[in-house]
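Each remark here refers to the structure printed beneath this line.
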Amino acid sequence: MADVERVEIEIVRLPHGHDLALPDYATAAAAGADLLAAIDQDIELAPMDRKIVPTGISIALPVGFEAQVRPRSGLAAKNGITVANAPGTIDADYRGEVGVILINLGKEPFRITRGMRIAQLVVARHARAVWTEVKELGRTDRGGGGFGSTGVSAEPTRKA
725 MADVERVEIE
735 IVRLPHGHDL
745 ALPDYATAAA
755 AGADLLAAID
765 QDIELAPMDR
775 KIVPTGISIA
785 LPVGFEAQVR
795 PRSGLAAKNG
805 ITVANAPGTI
815 DADYRGEVGV
825 ILINLGKEPF
835 RITRGMRIAQ
845 LVVARHARAV
855 WTEVKELGRT
865 DRGGGGFGST
875 GVSAEPTRKA
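Here you go:
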């Protein structure tokens, strides 16, 4: 497997996260590092309820990078637990605790326990737009077609 770009990120383990692991990648090719719940008492998340769950860490991203807080697919598929503002963006100048806004879209209450893997953190480069106002935009085949404008199913593959 090709080597992946690495970026050094300063991290502070906060007092209430003293015994928890730092974010880590579950597999060699994983894009997201797991975030853990740094809570003293279990949290019961009722259906349609949402709470900010602390992670016990603060980070300092280099300028030109962001960190995206994303749902864990297993929690979403099995329990309806997702990140309410997915993806949540952590900017390079933010120095507070990383918090995860979890919401229960499932039909049953869900219990969050200390050290549970609740979300994943993806570090990504970003660009800053320089807006140039023009009278009209260049034309494309799609044009102004919006939601659903490209159809629902793909064309069948034709054999020659």
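For the sequence shown, the residue numbers in my numbering are 725 to 884.
Even for Gly, the Cβ is constructed at its ideal location relative to N, Cα and C.
Here the structure is a predicted model, which means the values were calculated and not measured.
With respect to N803, G830 sits close: the two C-beta atoms are nearer than 8 Å. Within the same chain, and ignoring the five residues on either side of D815 in sequence, the residues whose Cβ sits closer than 7 Å to its Cβ are E790.
Taken through DSSP and simplified to helix, strand or coil, A791 comes out as strand. DSSP places A784 within a strand segment (E or B) once states are collapsed to three. Taking every protein chain shown into account, the CB of I776 has fewer than 16 other CB atoms within 10 angstroms, so this residue is exposed.
A Cβ-Cβ separation of about 3 Å places G756 in contact with Q844 under the 8 Å criterion. DSSP, read as helix, strand or coil, puts L861 in coil. R849 is classed as exposed because its beta carbon has fewer than 16 other beta carbons within 10 Å across all chains shown. Here DSSP, grouped into helix, strand and coil, assigns L799 to helix. Every beta strand (DSSP E) stretch that sits fully inside the stretch 736 to 763 and reaches 3 residues is listed by chain position as 757 to 760. By the Cβ neighbour-count rule, G867 is exposed, with fewer than 16 other Cβ atoms within 10 Å of its own. The alpha carbon of N828 has as its nearest neighbour, out of Q765, A770, D748, the alpha carbon of A770.
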